[in-house]
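K.L.:
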Amino acid sequence: MGAAMAAVSPMELPNRAYTIHDMVELNSERWPRYEVLDGILVVSPAPSSDHQILSDNLQTLLTLQAPSGETVISASNLRLHADERGTVPDLIVLYPEVETARRTWFEADEVLAVVEVVSPGNRTHDRVTKTAIYAEAGIPYYLRTELAPFQGQGSCHLPVILVQKLDRDGYQEVERLSSGAVGSLARPFPLKVDPASLLDPRWQRSLYAG
Numbered sequence: 000m001g002a003a004m005a006a007v008s009p010m011e012l013p014n015r016a017y018t019i020h021d022m023v024e025l026n027s028e029r030w031p032r033y034e035v036l037d038g039i040l041v042v043s044p045a046p047s048s049d050h051q052i053l054s055d056n057l058q059t060l061l062t063l064q065a066p067s068g069e070t071v072i073s074a075s076n077l078r079l080h081a082d083e084r085g086t087v088p089d090l091i092v093l094y095p096e097v098e099t100a101r102r103t104w105f106e107a108d109e110v111l112a113v114v115e116v117v118s119p120g121n122r123t124h125d126r127v128t129k130t131a132i133y134a135e136a137g138i139p140y141y142l143r144t145e146l147a148p149f150q151g152q153g154s155c156h157l158p159v160i161l162v163q164k165l166d167r168d169g170y171q172e173v174e175r176l177s178s179g180a181v182g183s184l185a186r187p188f189p190l191k192v193d194p195a196s197l198l199d200p201r202w203q204r205s206l207y208a209g
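Residue 19 in numbering that gives the first Met the number 0 sits at position 20 of the sequence shown, and the numbers go up by one each step.
1. So the candidates are I138, P88, Y141, I160; which of them puts its Cα closest to the Cα of A147?
2. For A136, which option in W30, S196, T86 has the closest C-alpha, if you only look at C-alpha atoms?
3. Taking the straight line between their C-alpha atoms, what separation do you get for V35 and V114?
4. Helix, strand or coil, according to DSSP, for T86 in the structure here?
5. As a quick exercise: from W202, P158, V173, pick the residue whose alpha carbon is nearest that of Y141.
6. With a 10 Å radius around its C-beta and 16 neighbouring C-beta atoms as the bar for buried, classify D199 as buried or exposed.
7. Between the C-alpha atoms of T123 and S67, what's the straight-line distance to the nearest angstrom?
8. So if DSSP puts Q171 in a beta bridge, which residue, or which two residues, is it bridged to?
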């Protein structure tokens, strides 16, 4: 006989729109992850191992190759100009002058780029919803990393890193990096990597080998 499924504890819901203050309180536990999109609470499960390994390695890569002291932070609360809009991007790239000590959340104006690694449970939010709200918040770059086949993939090999730059009409894709060989991106600052290598949990060790 199989093990009994654990009961989910009921949660009292407020009779109002959710805010980033609710989100911060709920995110005191590591998982699940809570975000607020126009006052609606969105819940994401814990990511897969591939998602987390790639995200961790990409954070290291961005930190090492940032030319002007940009800070790269994982899983931090981000306020998008209104209390009813708050997300927890996989990574945020902060401008060099941004103070990072003892911050409950960061503001959209402090962010050069957001990075999301697309997972099965968040595909629509990462590809559509967040593309719109990050653009409305005025964040200059949105880097989206695809681990599974996606519309418009073409001949690119997974994983693929897509760079979208903000213009007057929203985000426009300006670069993409396919797996299979070391390639380069110019934005938000120069990067050189084979995206497939970022799925290797030993990749960071190779940086210091020899």
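Where is the CB? At the ideal position from N, CA and C, for every residue including glycine. Here the structure is a predicted model, which is why all the values come from computation and not from measurement.
P.N.:
Considering the structure as presented:
1. In the sequence shown, the residue the question calls residue 147 occupies position 148. Considering only alpha carbons, the answer is I160.
2. One-based indexing of the sequence shown puts residue 136 at position 137. Checked all of W30, S196, T86; the closest Cα to A136 is T86.
3. Residue mapping note: residue 35 aligns to position 36 of the sequence shown, counting from 1. Residue mapping note: residue 114 aligns to position 115 of the sequence shown, counting from 1. Answer to the nearest angstrom: the Cα atoms are 17 angstroms apart.
4. To locate residue 86, count along the sequence shown from 1; it is residue 87. It is a strand residue.
5. The count along the sequence shown starts at 1 and reaches residue 141 at position 142. Of the candidates W202, P158, V173, the one whose C-alpha sits nearest the C-alpha of Y141 is V173.
6. The residue given as residue 199 occupies position 200 in the sequence shown. D199 is exposed by the Cβ-count criterion.
7. Taking the sequence shown and counting its residues from 1, one reaches residue 123 at position 124. Taking the sequence shown and counting its residues from 1, one reaches residue 67 at position 68. Taking the straight line joining both Cα atoms gives about 33 angstroms.
8. Your numbering for residue 171 matches position 172 in the sequence shown. Paired residues: K164.
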